[in-house]
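Report on the structure given below.
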Amino acid sequence: MIWSNSKGSIPEGWYELQSGDVIRPKRWMLSFLEKAESSGYAVIDPPLLEYYSHYQNLALFDESAYYRLFGNDGELLVMRPDYTLQIARKLADGHEPMRVAYAGAVYRRTVKHSGQPHERQQLGLEWVDGEEKDSHLIESFLDMTEGVLPTERLTIKIGSAAVISLIAKETGIQERTFRKILALRNLESLRELAETYRYPLIAKLPFLIGNSALEELRSEAPESLKEAIGEVDEAVQHLRTIGLEVSYDFGQTGDFDYYSGLTVTGSVEGKRVLSGGRYDSLYGHFGHSRRAFGMSLDLEQLDEVIK
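Just so you know, we're using this note's numbering here: the sequence shown kicks off at 497 and counts up by one.
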């Protein structure tokens with residue numbers, strides 16, 4: 497239950513909770529972290545505040561959504577909008593494979609009067625320098641969230657940031673610009689890029705969704721994209737063999753610019769509750785190269801559909 501804010505005593509986008517709305521997500525997080533620790537994951541709790549420079553020019557959404565403030569020495573700080581970058585900062589200097597679990601809140605401004613909270617509770621896993629296939633890591637995440645995430649009601653979509661990156665490289669389009677346009681589903685700008693660079697596939701990416709998307713993309717894609725497309729298909733086929741409802745989405749980008757391989761989203765009754773993917777390039781942001789894959793579960797969205 498959310499307490500009403502009729503007197504205007506609470507800023508728009510923030511809420512006071514009581515009873516089950518307080519206890520339920522905390523139980524989920526505690527159960528998840530205990531299970532993760534007993535399975536050999538390192539449980540971490542990074543600080544709420546980070547240097548803004550760590551997050552600058554990484555979001556594919558408007559960075560005005562960041563909650564920014566000044567530290568004691570005048571440095572610009574940001575309230576955590578994402579866990580993955582914090583974990584990368586912490587583990588960038590390491591050399592051993594790591595499996596990490598976390599649970600807590602992230603903060604991003606939402607559209608005014610949208611009814612969406614600025615604070616969202618989530619939990620997640622990160623794998624660094626492991627040898628497992630991405631599809632097996634997705635399966636591992638679903639195993640670890642058993643009892644929280646109802647997989648029988650879950651619809652998963654798999655895409656590829658590598659496909660997007662390769663198209664940008666082949667055409668000479670500035671990759672970050674391309675990703676932002678695609679993330680916004682700006683169809684007019686995509687059509688203009690397709691015409692300017694004589695690459696019709698660009699305009700079709702937002703529509704390459706569902707089971708027919710694979711063959712449609714394969715029929716038009718150059719040889720340079722075939723390996724990345726094959727990785728998506730391999731993941732989809734593996735997840736289907738374990739009974740999951742999975743399809744393709746070659747237009748999805750993720751919320752941040754650090755994804756470099758598979759991208760994953762999952763929805764329950766139309767609400768996106770699951771996201772993640774491969775982000776090998778992120779560790780270069782801190783001067784080191786490490787392979788990495790992560791998944792997170794949005795407890796706010798999940799709570800809306802299952803309570």
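No residue lacks a Cβ here, since even glycine has one placed at the ideal position from N, Cα and C.
C-alpha distance - residue i paired with residue j, whole-angstrom precision
i	j	result
L710	L770	22 Å
E712	G706	11 Å
H784	G757	18 Å
I498	P646	Caution is warranted here: a pLDDT of 48 is assigned to I498, below 50, making its placement in the model unreliable, and the coordinate value is therefore given only provisionally. I498 and P646: Cα-Cα distance of roughly 23 Å.
S500	Y511	With a pLDDT of only 47 at S500, under 50, the local geometry of the prediction cannot be trusted, and the value read off the model is given with reservation. S500 and Y511: Cα-Cα distance of roughly 8 Å.
L743	E727	Position check: residue 743 holds Ser in this sequence, whereas Leu was assumed. Cα to Cα, the separation comes out at about 13 Å.
V518	S631	33 Å
T673	S515	45 Å
D639	I738	11 Å
E684	P696	13 Å
R787	L795	27 Å
D729	L735	10 Å
G766	D569	45 Å
L572	V602	18 Å
L513	I540	25 Å
R675	A731	22 Å
A664	E530	42 Å
C-beta contact flag for residue i and residue j at 8 Å
i	j	result
I660	Y693	no
R714	I725	yes
E622	G790	yes
P476	K586	The structure shown does not extend to residue 476, since the chain spans only 497 to 803, so no value can be given for it.
S792	G772	yes
V760	I652	yes
D625	M594	yes
T749	A679	yes
L686	P702	yes
D745	G655	yes
L662	S720	yes
Proximity to residue i [Cα-Cα], best of the options
i	options	result
D578	Y551, G570, N568, P593	Y551
Q612	A561, V644, L581, R736	A561
Y775	V760, R687, Y755	Y755
T606	P507, D745, K665, G536	P507
N553	F752, V764, S777, V801	F752
Y598	E741, L704, E533	E533
R564	I540, R604, F528, V539	R604
R801	L778, R681, L650, L662	First, the residue type needs correcting, since residue 801 is Val and not Arg in the sequence shown. Measuring from the Cα of V801, the nearest candidate turns out to be L650.
K629	L740, S535, Q733, Y547	Q733
E648	L778, R520, V764, Q797	V764
E546	E592, G567, E691, P718	G567
CB contact check: residue i to chain C, cutoff 8 Å
i	result
H591	The chain inventory of the structure shown lacks chain C, comprising one protein chain alone.
Given 8 Å, three or more beta-carbon pairs between the segment 513-530 and the segment 614-621: Yes: at least three Cβ pairs fall under 8 Å.
The segment 772-782 in contact with the segment 581-596 per 3-pair CB rule at 8 Å: yes
Completely contained beta strand (DSSP E) runs for the segment 582-661, where each covers 3 or more residues: Listed in chain order, the beta strand (DSSP E) runs fully inside the segment 582-661 are 594-603, 615-624, 650-656, counting runs of at least 3 residues.
4-residue-minimum alpha helix (DSSP H) runs that sit fully inside the segment 659-684, ordered along the chain: 671-679
3 or more residues per run - each beta strand (DSSP E) lying fully within the segment 718-780: Residue ranges of uninterrupted beta strand (DSSP E) with 3 or more members, entirely inside the segment 718-780 and ordered along the chain, are 741-744, 758-764, 767-774.
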